[in-house]
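This report refers to the structure that appears directly beneath it.
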Amino acid sequence: MIIKKYILIEYPRDDKESFIKELDDIEEKDVVLVFFGTQTGTAEEFATTFSQEINEKLNITSLLYDIEEYDMSELLELPLYYKDKGKNVVVSFFMSTYGEGEPTDNAIDFWEWLQNCVEADVNEDKPLKDLNYLLFGLGNKTYELYNFVGRELNRILKNWGGASIIGEFGEGDDDEDTEGDFQEWKEKTYPCLLKYFQSSSDSVEDEPVSFVPSFVIKNVDDANGKDVFIGELSRDGPRRWGYKDNSIFELNKYELNYLNRNTILIKNKIQRRIYELFLHLNNSFSKTKKNNIHEFNNFKPKTKSSSSNKQEYDVKHPFYAKVSQCKQLFQDCFDTYNVSSDVKDGKLYDQDVLDAMNICKIEDNKITIKRECLHFDIDISNSNITYNAGDHVAIYPKNNESIVNDLINLLGVSDKADSLITLEKNPKSRSHVAPNLSMPCTIRTALTYYLDINSNLKTRQFEIISNYTENSQEQEYYNNIIEDFKNNSVDMEKYQKTLPQLLKECPETKVSININ
73 MIIKKYILIE
83 YPRDDKESFI
93 KELDDIEEKD
103 VVLVFFGTQT
113 GTAEEFATTF
123 SQEINEKLNI
133 TSLLYDIEEY
143 DMSELLELPL
153 YYKDKGKNVV
163 VSFFMSTYGE
173 GEPTDNAIDF
183 WEWLQNCVEA
193 DVNEDKPLKD
203 LNYLLFGLGN
213 KTYELYNFVG
223 RELNRILKNW
233 GGASIIGEFG
243 EGDDDEDTEG
253 DFQEWKEKTY
263 PCLLKYFQSS
273 SDSVEDEPVS
283 FVPSFVIKNV
293 DDANGKDVFI
303 GELSRDGPRR
313 WGYKDNSIFE
323 LNKYELNYLN
333 RNTILIKNKI
343 QRRIYELFLH
353 LNNSFSKTKK
363 NNIHEFNNFK
373 PKTKSSSSNK
383 QEYDVKHPFY
393 AKVSQCKQLF
403 QDCFDTYNVS
413 SDVKDGKLYD
423 QDVLDAMNIC
433 KIEDNKITIK
443 RECLHFDIDI
453 SNSNITYNAG
463 DHVAIYPKNN
473 ESIVNDLINL
483 LGVSDKADSL
493 ITLEKNPKSR
503 SHVAPNLSMP
513 CTIRTALTYY
523 LDINSNLKTR
533 QFEIISNYTE
543 NSQEQEYYNN
553 IIEDFKNNSV
563 DMEKYQKTLP
573 QLLKECPETK
583 VSININ
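Numbering (our numbering), first residue to last: 73 to 588.
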């Protein structure tokens with residue numbers, strides 16, 4: 073009964089969910105569990121794509137999980153569980169390596185537990201000998217310990233646990249082409265999954281399928297103003313942006329009041345500010361010279377466990393620091409590069425926006441970019457944070473207002489842009505991942521602060537968007553893009569488009585936002 077010995081190894085936190093209990097609610101016999109450890113969102117994005125495509129293209133039930141939210145010690149019980157229930161279960165991991173061979177913030181508990189299991193091993197048995205798994209690791213070869221978490225997890229699962237990998241261990245190199253590595257890996261992995269489950273089909277469906285979103289958008293008729301997000305990044309409720317003198321922002325239903333000696337009232341626009349919420353390189357730093365230092369009011373962050381009073385900060389529970397000093401290291405310094413005709417013709421960039429922001433000039437097949445390098449000091453006092461060389465500082469940006477307005481019009485939600493919404497789990501979706509947006513908020517706030525609307529679209533996104541047009545020319549255009557992406561075509565650069573750019577180029581594509 074060696075399994076019981078391993079189950080007794082305490083998991084770092086006792087507030088986790090049970091994925092085995094959720095398996096009990098699944099009638100299907102064949103199931104793929106997909107877990108991700110992510111820092112910047114790439115591993116989660118790949119895991120989401122993988123999970124959705126397994127459901128859609130392979131007709132195999134797939135459940136998506138954030139590894140932080142679940143008791144991963146249940147892996148030791150899983151083989152006995154699905155034998156007893158007559159199920160075939162495959163566990164998939166998408167694991168990023170952060171920094172110098174470290175796990176991501178959301179995988180720390182899992183990693184600590186796994187190391188404890190290995191240290192306690194007396195080699196009496198292989199506790200995972202009947203477990204079958206898939207694994208894709210994400211890293212960067214410029215670091216000495218490239219893909220350490222993925223490689224070490226693969227070694228532990230096989231050598232210590234005795235588990236069996238299906239297909240190949242995949243690796244994505246951020247220094248080259250992580251997206252291409254992932255595409256190549258999953259195309260090789262799908263046939264292996266079909267073979268394992270002895271599917272009646274021996275090929276992956278390439279026909280367009282109906283996209284099932286992970287969440288549904290719900291209208292919020294009324295909300296306490298203090299519970300409404302206006303751009304904050306926080307999981308446990310809004311934390312208002314304040315000033316050194318402890319004056320604060322208070323949000324009523326459709327008003328934003330700035331409370332200090334001279335009260336200013338801004339009505340009917342939840343998203344407007346007197347001072348911007350987060351640090352913006354071109355705006356906020358100049359204010360520090362006058363000692364108008366931005367900071368957040370004090371808050372009590374989430375603790376690691378009920379038995380520990382240590383304050384912890386991570387990507388979901390960040391410490392909002394103030395900038396105590398800032399200075400420019402360059403003055404009137406410019407770099408000039410040759411550019412392609414696409415850039416010159418303004419197809420990829422909005423020249424008016426670039427000119428207005430005084431960032432660069434594009435003319436005569438050359439782009440002239442203003443060089444800016446800022447030195448700034450950050451106050452982390454009273455945070456229990458100790459700075460170590462190589463630590464990262466996150467600057468939370470906002471999307472350009474004109475681009476946000478364009479996208480609102482293109483999505484056909486101009487009349488609803490300032491309505492309060494929230495996200496709820498879609499009962500038709502197999503995803504068990506909580507939304508990573510701070511809700512409730514307005515559509516405008518979500519597009520301005522929480523969604524990356526300026527990133528280039530990827531293969532999966534083109535596949536989804538292609539379902540929203542009935543125009544044959546646009547459909548052919550999307551099919552060509554998807555095919556070129558899969559074949560790693562040399563022409564892929566011309567398909568580097570954001571969602572607003574694509575919707576402008578393809579006016580018959582009507583991507584809708586349905587609010588219930």
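Every residue gets a Cβ at the ideal spot worked out from N, C-alpha and C, and that includes glycine.
DSSP-derived helix/strand/coil call for residue i
i, result
"G252", "helix"
"S151", "The identity of residue 151 in the sequence shown is Pro, whereas the question assumes Ser. P151 falls in the helix class under three-state DSSP."
"E191", "helix"
"Y262", "helix"
"L349", "For L349, the predicted structure reports a pLDDT of 30, less than 50, and the residue's modelled location is therefore unreliable. A value from the coordinates is still provided. The answer is coil: DSSP assigns L349 none of H, G, I, E or B."
"I228", "helix"
"N586", "coil"
"V476", "helix"
"F448", "strand"
"K359", "Its pLDDT being 31, under 50, K359 is placed unreliably by the model, and nothing is read from it."
"E243", "strand"
"S455", "coil"
"T440", "strand"
"S379", "The pLDDT assigned to S379 is 38, lower than 50, so where the model puts this residue is not dependable; a value taken from the coordinates is nonetheless given after this. In this structure, S379 counts as coil in the three-state DSSP scheme."
"G234", "coil"
"T520", "helix"
"S145", "helix"
"L323", "With a pLDDT of 36 at L323, under the threshold of 50, the predicted position of this residue should be treated as unreliable, and no value is reported."
Boundaries (first-last residue) of the beta strand (DSSP E) holding residue i
i, result
"G211", "204 to 211"
"Q400", "394 to 400"
"V106", "102 to 109"
"K566", "Unbroken run through K566: none, as it is neither H nor E."
"N160", "160 to 170"
"L135", "133 to 138"
"F118", "Per DSSP, F118 belongs to no beta strand (DSSP E); it is in the alpha helix (DSSP H), 114 to 129."
"T494", "492 to 497"
"K433", "432 to 435"
"V288", "287 to 291"
C-beta atoms of residue i and residue j nearer than 8 Å
i, j, result
"F220", "G173", "yes"
"A235", "F166", "no"
"K198", "D247", "no"
"I537", "T570", "no"
"L206", "G239", "yes"
"V104", "I139", "no"
"F616", "Y153", "With the chain covering only 73 through 588, there is no way to say anything about residue 616."
"P263", "D181", "no"
"G244", "R223", "no"
"V395", "F448", "yes"
"Y567", "I553", "yes"
"F241", "N226", "yes"
"V284", "S501", "yes"
"N291", "I587", "yes"
"D407", "I441", "yes"
"G303", "T520", "yes"
"V163", "L130", "no"
Reference residue i, options the options, closest by Cα
i, options, result
"P499", "L135, S90, G211", "L135"
"T176", "L130, L401, G109", "G109"
"K576", "R516, T494, R532, G484", "G484"
"Y170", "T133, I289, S145, T114", "T114"
"E191", "E216, G233, Y215, S164", "G233"
"L482", "I467, F269, I525", "I525"
"P390", "A466, R443, N460", "A466"
"P151", "N460, I92, N178", "I92"
"S455", "K497, A393, Q545", "A393"
"S123", "M511, K258, K267, Y268", "K258"
"S145", "K433, Q573, K88, I98", "K88"
"K558", "L446, Y468, K530, N543", "K530"
"L147", "K101, E546, P572, C189", "C189"
"G211", "L186, D249, E184, L229", "D249"
"Q400", "E444, K201, Y409", "E444"
Limits of the unbroken alpha helix (DSSP H) element including residue i
i, result
"D556", "544 to 558"
"N527", "The question names Asn, yet the displayed sequence has Ser at residue 527. Counting along the chain, S527 falls outside any alpha helix (DSSP H), and DSSP gives it neither H nor E."
"D407", "Careful: D407 lies outside any alpha helix (DSSP H), inside the beta strand (DSSP E) at 406 to 410."
"K93", "91 to 96"
Proximity test, residue i beta-carbon vs the ligand ADP heavy atom, cut-off 7 Å
i, result
"L305", "Looking for the ligand ADP in the displayed structure turns up nothing, as the structure carries no ligands at all."
How about the stretch 474 to 494 and the stretch 511 to 521: do they share at least three Cβ pairs that are nearer than 8 Å? Under the 8 Å Cβ criterion, the stretch 474 to 494 counts as touching the stretch 511 to 521, having at least three qualifying pairs.
Given 8 Å as the limit, is there contact between the stretch 470 to 479 and the stretch 430 to 450, that is, 3 or more CB pairs closer than that? no
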